[in-house]
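Residue numbers (my numbering): 97 to 478. Glycine included, every Cβ here is placed at the ideal spot set by N, Cα and C. Bear in mind the structure is a predicted one, so any value in this text is a computation, not a measurement. The block underneath contains the structure these notes are about, expressed in structure tokens.
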């Protein structure tokens with residue numbers, strides 16, 4: 097830990113977005129522009145953040161001690177606010193540079209949704225930054241994660257909670273009540289000796305078919321009960337996200353974005369998925385059976401092609417990377433899975449930009465559990 101330095105902290109509001117700037121006395125001219133993760137549409141948290149907070153506290157102290165200025169916005173809106181965040185970041189950065197003409201370099205970074213915002217800024221405005229560091233980013237883009245979380249919710253409905261309402265909520269309150277019903281329903285099944293074994297099997301099947309981790313921040317996966325807890329956490333996290341963000345998605349895009357029309361759940365039982373399931377001591381035939389059952393029972397949800405096109409404007413990394421970029425992803429993120437990195441890497445390779453990208457994987461149980469020191473490592477913190 098480095099010695100603390102005197103820091104000048106200023107704050108304000110631009111276009112409805114709150115912001116905070118922290119400039120150390122030993123500032124060398126480099127600014128780190130931070131982007132926080134998603135906040136639910138119903139959230140009243142309007143605070144601006146300048147760095148992540150992990151298991152070892154905030155990365156801010158080390159970064160400030162090393163002479164970096166820290167900058168962050170609350171964004172003007174909640175939910176999947178990529179476009180608002182990009183505009184608010186640009187306005188904030190312009191204002192900061194006017195008041196701090198000694199600014200020489202800016203690096204953009206962020207986590208989860210903030211990782212997607214980071215990459216969007218880097219791709220669309222490369223001349224404004226010397227580097228980018230998206231952490232646990234939604235680098236597959238807005239549409240793929242909407243489809244994935246919808247899939248998870250519909251799979252729960254198909255083989256665990258048939259009465260579950262997925263979509264079509266009249267209010268955020270109804271969506272919140274539905275998410276609560278989901279959580280309580282699955283936990284009740286797990287707590288009932290008569291349904292516990294079958295529920296664990298179904299949760300592990302959904303987690304496997306969806307590529308969700310067997311280890312999270314709360315469960316190390318070292319025992320059957322821990323595996324069940326990890327699977328439940330991942331499945332409930334994704335399914336709840338589909339429910340709680342559905343209205344915001346429609347409002348921002350003008351229609352239903354997520355769809356499972358044309359999805360084959362049986363096809364999700366790949367050789368790799370079966371091998372992973374079998375590593376738990378469970379038969380591959382059971383996974384294939386669950387996948388086939390889901391295909392027969394699942395509700396099909398159609399999307400608006402126009403809404404999907406609008407959603408892509410809210411975040412769809414192209415792989416056109418023009419500045420040095422370091423991504424970091426925990427292998428056991430239960431929400432934004434590490435598969436986002438593979439898809440991003442394929443896009444980067446297709447654009448011939450691989451030399452500008454370094455992808456790092458961390459074995460911490462989940463991105464929220466990763467240390468702030470590791471998050472700040474690309475900048476020499478820790």
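Alpha helix (DSSP H) segment containing residue i, residue limits
i: residue 457; result: Not the alpha helix (DSSP H): residue 457 falls in the beta strand (DSSP E), residues 453–458.
i: residue 240; result: 238–255
i: residue 291; result: Unbroken run through residue 291: none, as it is neither H nor E.
i: residue 386; result: 380–393
i: residue 188; result: 178–195
Under the three-state DSSP convention, the category residue i falls into
i: residue 468; result: At residue 468 the pLDDT is 41, less than 50, meaning the model places this residue with poor confidence and gives no usable figure here.
i: residue 322; result: helix
i: residue 268; result: helix
i: residue 134; result: coil
i: residue 430; result: coil
i: residue 110; result: strand
i: residue 165; result: strand
i: residue 448; result: coil
i: residue 149; result: strand
i: residue 308; result: coil
i: residue 416; result: coil
i: residue 128; result: strand
i: residue 423; result: strand
i: residue 222; result: helix
i: residue 398; result: coil
i: residue 140; result: coil
i: residue 435; result: helix
i: residue 376; result: coil
i: residue 261; result: coil
i: residue 173; result: coil
i: residue 210; result: helix
i: residue 198; result: coil
i: residue 405; result: helix
i: residue 299; result: helix
Own chain partners of residue i with C-beta closer than 7 angstroms, once the 5 adjacent residues on each side are dropped
i: residue 387; result: 305, 361, 362, 364, 365
i: residue 133; result: 207, 208, 209, 210
i: residue 293; result: none
i: residue 473; result: Because the pLDDT at residue 473 is just 44, under 50, the model does not fix this residue reliably, and the point stays unresolved.
i: residue 298; result: 255, 256, 386
i: residue 441; result: 455
i: residue 253; result: 260, 262, 395
i: residue 121; result: 101, 102
i: residue 145; result: 130, 132, 168
i: residue 172; result: 111, 112, 113, 180, 184
i: residue 326; result: 309, 310, 311, 312, 315, 317
Nearest neighbour of residue i, chosen from the options [CA to CA]
i: residue 348; options: 447, 180, 459, 445; result: 180
i: residue 337; options: 403, 327, 242, 191; result: 242
i: residue 202; options: 231, 166, 172, 173; result: 166
i: residue 321; options: 451, 286, 374; result: 286
i: residue 114; options: 188, 163, 283, 199; result: 188
i: residue 424; options: 418, 192, 433; result: 433
i: residue 119; options: 163, 137, 110, 437; result: 163
i: residue 266; options: 340, 235, 229, 296; result: 340
i: residue 383; options: 431, 244, 300; result: 300
i: residue 283; options: 318, 258, 126, 329; result: 329
i: residue 111; options: 186, 136, 205, 270; result: 186
i: residue 168; options: 227, 195, 108; result: 108
i: residue 376; options: 343, 400, 318, 147; result: 318
i: residue 271; options: 136, 123, 359; result: 136
i: residue 403; options: 172, 205, 157, 350; result: 350
i: residue 495; options: 326, 374, 316, 268; result: Any property of residue 495 remains undetermined from this structure, which presents the chain solely from 97 to 478.
i: residue 91; options: 222, 223, 216; result: Outside the displayed range of the chain (97 to 478) lies residue 91, so it cannot be described from this structure.
i: residue 276; options: 222, 371, 335; result: 335
i: residue 279; options: 401, 333, 436, 372; result: 333
i: residue 193; options: 224, 218, 229; result: 224
i: residue 105; options: 142, 156, 380; result: 156
i: residue 143; options: 160, 161, 116, 159; result: 116
i: residue 99; options: 371, 438, 159, 314; result: 159
i: residue 227; options: 240, 244, 220, 205; result: 205
Own chain, CB closer than 6 angstroms to residue i, minus 5 neighbours either side, in chain order
i: residue 302; result: 251, 331
i: residue 296; result: 324
i: residue 393; result: 254
i: residue 200; result: 125
i: residue 291; result: 285
i: residue 222; result: 418, 419
Range of the contiguous beta strand (DSSP E) that encloses residue i
i: residue 101; result: Per DSSP, residue 101 belongs to no beta strand (DSSP E) and is neither H nor E.
i: residue 118; result: 113–120
i: residue 204; result: 201–207
i: residue 228; result: 227–231
Cβ shell of residue i (< 8 angstroms), same chain only, five flanking positions each side left out
i: residue 238; result: 176, 178, 212, 353, 407, 408, 410, 411, 412
i: residue 415; result: 440, 442, 443, 444, 445, 446, 447, 449
i: residue 397; result: 246, 250, 262, 263, 352, 354, 355, 356, 357
i: residue 399; result: 351, 352, 353, 354, 355, 357
i: residue 281; result: 256, 257, 260
Residue i Cβ short of 8 angstroms to the ligand NAD heavy atom set
i: residue 274; result: Within the structure as shown, the ligand NAD is missing, as the structure has no ligands at all.
Where are the alpha helix (DSSP H) runs, 4 residues long or more, that stay fully inside the region 313–372, in chain order? 320–340, 342–349
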